[in-house]
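K.L.:
Before I ask anything, here is the structure I am working with.
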Amino acid sequence: MDKSEKSLDEWRDELDEAQFQVCRLGATERPFSGRYTNCKTEGVYHCACCGQALFASQAKFDSGCGWPSYFQPVDEHALVRKDDFSHGMFRIEVKCSGCDAHLGHVFPDGPEPTGLRYCINSVALELKAS
């Protein structure tokens with residue numbers, strides 16, 4: 001997939017306000033407020049901005065953190081990882097490799113087989129049910 005490059009004004013026209021704040025400006029939705037936090041529907045979660053497949057429902061688990069959590073992406077190339085030193089702490093931000101949308105963060109406290117917890121904002125995702 002070719003990288004989607006648009007201006008902030010173009011993204012603002014295409015996304016709702018919550019999606020724009022999270023995906024383009026790096027905000028975070030409130031914990032336990034997202035539509036996919038407790039979702040059990042089978043399918044594939046895609047980037048809300050460019051439509052790239054990101055996470056399969058089979059990799060979703062209940063972490064109790066307040067955001068949808070996954071132990072692996074559908075493909076390692078679907079995500080870009082970036083060091084994040086904001087808010088006085090070190091985290092690893094994850095972005096969509098197709099359009100650089102901010103998705104959330106990845107932490108080393110997830111379940112087997114990866115031991116990772118991809119903590120993702122619901123507004124950054126669109127579920128395509130199978």
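Be aware that the sequence shown starts at 1, since it is given in our numbering, and climbs by one per residue.
We put the beta carbon where it would ideally sit given N, CA and C, even for glycine.
1) Let me check understanding here. Comparing Cα to Cα, which of THR28, VAL80, GLY115 lies closest to CYS131?
2) According to DSSP, simplified to helix, strand and coil, what is MET1?
3) Here's the rule I'm using: 16 or more other beta-carbon atoms within 10 Å means buried, otherwise exposed. How should LYS82 be labelled?
4) Classify ASN38: buried if its beta carbon has 16 or more other beta carbons within 10 angstroms, exposed otherwise.
5) Is ASP9 helix, strand or coil by DSSP?
6) Where MET1 and CYS50 are concerned, what is the direct C-alpha to C-alpha distance, given to the nearest angstrom?
7) Between VAL94, SER69, ALA56, which has its C-alpha nearest GLU42's C-alpha?
8) Leaving aside the five residues before and after PRO111 along the sequence, list all residues of the same chain whose C-beta is less than 7 Å from its C-beta, in chain order.
9) Using the rule of at least 16 other Cβ atoms within 10 Å of the residue's Cβ for burial, across every protein chain shown, is ARG30 buried or exposed?
10) Shortest alpha-carbon distance to PRO108 belongs to which of ARG24, SER4, SER63, GLY26?
P.N.:
Quick answer:
1) A query on residue 131 cannot be resolved here, the shown segment of the chain reaching from 1 to 130 and no further.
2) As a working note, residue 1 is residue 1 in the sequence shown. Confidence at MET1 is low in this model, with a pLDDT of 46, below 50, so its placement is unreliable and no value can be given for it.
3) Within the sequence shown, residue 82 is the residue found at index 82, counting from 1. Counting Cβ neighbours within 10 Å, LYS82 comes out exposed, since fewer than 16 surround it.
4) Against the sequence shown, residue 38 aligns to sequence position 38. By the 10 Å Cβ count, ASN38 comes out exposed.
5) Position 9 of the sequence shown, counting from 1, holds the residue named residue 9. Here ASP9 sits in helix by DSSP.
6) Here residue 1 refers to the residue found at position 1 when the sequence shown is read from its first residue. Here residue 50 refers to the residue found at position 50 when the sequence shown is read from its first residue. At MET1 the pLDDT is 46, less than 50, meaning the model places this residue with poor confidence; the figure from the coordinates comes in the next sentence. Each residue's Cα considered, the two are about 10 Å apart.
7) In the sequence shown, the residue the question calls residue 42 occupies position 42. Among VAL94, SER69, ALA56, the Cα nearest to that of GLU42 is on ALA56.
8) Translated into the one-based positions of the sequence shown, residue 111 becomes position 111. Result list for PRO111: PHE61, PHE71, in chain order.
9) The count along the sequence shown starts at 1 and reaches residue 30 at position 30. Exposed is the call here.
10) Within the sequence shown, residue 108 is the residue found at index 108, counting from 1. When only C-alpha atoms are compared, the closest one is SER63.
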